[in-house]
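Beneath this line is the structure, given in structure tokens, with notes to follow.
2 protein chains.
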Amino acid sequence: MADVALLAGVSVSTVSRTLRGLSVVSPQTRERVERAAQDLSFAISRSASSLVTGRTRRIAVLVPPTCSWFPGTVLSGISAVLGPADLDLLVYEVASMDERAAFFDRLPARRNADALMVVSFDLTPREHDRLDALHMPVVLVSQHAEGRASVYIDDVAGARRGTRHLVGLGHRRIAFVQSADPSGFSWSSKDRLVGHRQALAEAGVPCDGELVVRVAPDDRASLEAAVDRLLGLAQPPTAVFAEADDVATRILGVLRERRVAVPAQLSVMGFDDQDHARWLDLTTVAQPAREVGRAAAGLVAAIVDVPGTDPSRHIVLPTRLLARGSTAPPPPGTGGGG
Amino acid sequence: MADVALLAGVSVSTVSRTLRGLSVVSPQTRERVERAAQDLSFAISRSASSLVTGRTRRIAVLVPPTCSWFPGTVLSGISAVLGPADLDLLVYEVASMDERAAFFDRLPARRNADALMVVSFDLTPREHDRLDALHMPVVLVSQHAEGRASVYIDDVAGARRGTRHLVGLGHRRIAFVQSADPSGFSWSSKDRLVGHRQALAEAGVPCDGELVVRVAPDDRASLEAAVDRLLGLAQPPTAVFAEADDVATRILGVLRERRVAVPAQLSVMGFDDQDHARWLDLTTVAQPAREVGRAAAGLVAAIVDVPGTDPSRHIVLPTRLLARGSTAPPPPGTGGGG
DNA sequence: CTGAAAGCGCTTACAG
DNA sequence: CTGAAAGCGCTTACAG
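Put into structure tokens, the structure is as follows:
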């Protein structure tokens, strides 16, 4: 900055004011300073400015591995909004309980970001306490808590809508497949079972415990066993609602091997609307993951830059049913009358 | 830090030395300082230390949208290595040519990171010049350039291996489906066609231009038209090699609709080994995306922290063929003799 | 509208 | 082994 000042023949104060766009600078001076900065391809040191302003213009994001659809998509949405707001994005990825504990123990984001976004996994009470100790604005994404800024979808309502679709097609025997994450993290998607049960109840369909199964992701054997168990029931399901599209797609894979026609013999639906759901013509409850990220980033930007923003605002984004080719009425004679 | 010094009854110099782990500090003093830091849950300001050391301990990563498999997975690998190396990860996502131009124009990473990683897309000569103007170590990921640190796979060899697999099964009419990215970005995956042609040549199979098609991702109609055109040829292909698994999966979707049995009537294979390839039992050429990210981050960490590291090292990671259920010998009577 | 000076919170020679 | 002091590159009152 001293170089720029020298070249432009002004003081560093003036360079600073010009580069921050303060209108107090005269047009001629501005012109000179801007040219000098350009010629030297000067880039400001945020470290130096942070030191005096106390703001880093950096947002920290705590996320599960971005190789998964939801975190990757949310991060993309966050990035799309933060960039134009001139806010940098600092990513802290945690894949295991140990890494998670290390993060909350050390809180590396502290003093190195102006706010923290926590994406996806449910926080423990102890983690909430640590967040309070951070003395930094926090925005929860895909989860929510009283008194904390939160951006999320209504998983219960979404799943209710999904099950209603199946019930509306005439299904009475509907399996629900949950996903058991070996990382030990808890996700809001667990609430989808609640919505499923509500829809069953409102339709007067009894909820059969045999029809609710839980599989480990990436464990092909466990999934095959679960599917075979369902198909082998005295009254097998005529539809399967999977907690997430990736589970649904894996079920589709197993059913193809078992030569079970979808949807002729069995309807399958998922939740999320991941890319492959569209490719495979899978009926699903779409959640706007990218929008969730964008809304959360917008909220963070407002909290950081707009005085008076409610720091504990909740934003709930809508889900929507995408009826595609993997669901149809149950085959005749399967006791649709339940 | 002054607070910690006060509480521990030492100077800030000593606090600084203790917290940085310099062995020069006496055990008793270290003990006292560490307790004080703990009690005040002190976190160092990297802005302040950067200012004097000139190092930020931050790595900037320029990536295409992380909602796609490859960038998301690479980023995850990078993150897994950077964290333990005590390096923060600054993400700059670019989705369009405009955003890309803006990044190279402003170079926001400048002075705010110790190195830059550029993931996935091929750089133009002008962009390379801008990178030189950055005066910062640069690591190329999934692409390579003379004189620049690069971590990538051999796309040509990988594709060669894929086509050899099909040829080995007896296929002579093999379609190749390329992906045309509307963003205008160029990716190393374009080289896969070269490998395909090499394998064809070495097997003495003529390369029929009709069998090479190009589809726009997310354009269902364009894909359907391409598949129908291939199926309608006088001598239709008995196998399809898609440039990437997502394309292969979409082809699988279209074929199911057209009631073409895979692999009985038509073999399909992809490239990448994305999650859904496994779920759908898709034969593919696997590339270790996560390892690519890890290796690149390891190289960056070494360049930044280990004096004498070759700043233009190239690391080539292996691909491997995963023969699964979507490929089989061609159906009898399809002119396998070619 | 512009400049001189202090100070943000660290690290690093330099003494001792 | 420890401390006092200078200085990193900015921003921000304070004068003028």
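Respectively, the protein sequence lines represent chains F and E. Residue 177 in our numbering sits at position 63 of the first sequence, and the numbers go up by one each step. Residue 325 in our numbering sits at position 211 of the second sequence, and the numbers go up by one each step. Using N, Cα and C, we set each Cβ at its ideal position, and we do this for glycine too. If you're wondering where the values come from, they're calculated on a predicted model, not measured in any experiment.
Check                                                                                                                                  : Outcome
Straight-line Cα distance separating Arg286 (chain F) from Thr398 (chain F)                                                            : 18 Å
Thr397 (chain E): first and last residue of the uninterrupted beta strand (DSSP E) it sits in                                          : 397-400
Within chain F, the residues that Leu394 (chain E) reaches when beta carbons sit closer than 9 Å                                       : Thr363, Arg364, Leu366, Gly367, Arg370, His390, Leu394
Asp153 (chain F) to Ser130 (chain F) span [Cα, whole Å]                                                                                : 16 Å
Proximal residues to Val118 (chain E) (C-beta, below 7 Å), its chain only, five neighbours per side dropped                            : Val129, Val147, Ala150, Ala151, Leu154, Phe156
Per DSSP, the bridge partner or partners of Met383 (chain E)                                                                           : E:Phe355, E:Thr397
Where Met211 (chain F) falls, given that 16 or more other Cβ within 10 Å makes a residue buried                                        : exposed
Arg134 (chain E), buried or exposed, once every other Cβ within 10 Å from all chains shown has been counted against 16                 : exposed
Span separating the alpha-carbon of Arg274 (chain E) from that of Phe290 (chain E)                                                     : 12 Å
Within 8 Å, strictly: CB atoms of Val406 (chain F) and Val188 (chain F)                                                                : yes
At least three beta-carbon pairs within less than 8 Å, the segment 371-380 of chain F to the segment 182-196 of chain F                : no
Cross-chain neighbours of Ser193 (chain E) in chain F, by beta carbon under 7 Å                                                        : Val205, Glu207
Chain-ordered residues of the segment 147-179 of chain E with a beta carbon less than 7 Å from chain F                                 : Ser155, Ala157, Ser159, Arg160, Ser161, Ala162, Ser164, Leu165, Thr170, Pro179
Listed by chain order, chain E residues near Leu221 (chain F) by CB distance under 9 Å                                                 : Ser155, Ala157
7 Å CB neighbourhood of Arg144 (chain E) in its chain, flanking five on each side removed                                              : Thr132
Proximity to Ala229 (chain F) [Cα-Cα], best of F:Gly412, F:Pro446, F:Pro444                                                            : F:Gly412
Validate contact between the segment 355-366 of chain E and the segment 294-310 of chain F using beta carbons, cut 8 Å, 3 pairs        : no
Beta-carbon proximity list for Gly451 (chain F), same chain, < 8 Å, skipping 5 on both sides                                           : Low per-residue confidence applies at Gly451 (chain F): pLDDT is 47, beneath 50, and the placement is therefore not dependable, though the value from the model is reported in the following sentence. Arg286.
Backbone secondary structure at Pro432 (chain E) - three-state DSSP                                                                    : coil
Leu189 (chain E) at chain F interface by Cβ criterion, 8 Å                                                                             : yes
Residue environment, His249 (chain E), which counts as buried when at least 16 other CB atoms sit within 10 Å                          : exposed
Euclidean distance between Cα positions of Arg328 (chain F) and Val430 (chain E)                                                       : 40 Å
Chain-order list of residues whose beta-carbon lies under 6 Å from that of Pro444 (chain E) (same chain, five-residue window excluded) : Gly284, His285, Thr352, Gly450
Close Cβ partners of Phe217 (chain E) (< 7 Å) along its chain, the five nearest in sequence each way excluded                          : Leu176, Tyr206, Val208
Beta-carbon spacing of Ala400 (chain E), Asp389 (chain E) below 8 Å                                                                    : no
For Ser140 (chain E), three-class secondary structure by DSSP                                                                          : coil
Pair within 8 Å by beta-carbon distance, Phe184 (chain F) and Phe235 (chain F)                                                         : no
Segment limits, alpha helix (DSSP H) that includes Asp202 (chain F)                                                                    : No alpha helix (DSSP H) contains Asp202 (chain F), which is instead part of the beta strand (DSSP E) from 202-207.
Val420 (chain E) vs Ile173 (chain E) beta-carbon contact at 8 Å                                                                        : no
Completely contained beta strand (DSSP E) runs for the segment 301-345 of chain F, where each covers 3 or more residues                : 326-329
Whole-Å CB distance - Val252 (chain E) paired with Leu245 (chain E), under 8 Å assumed                                                 : 5 Å
Contact with chain F by Asp419 (chain E), beta-carbon distance below 8 Å                                                               : no
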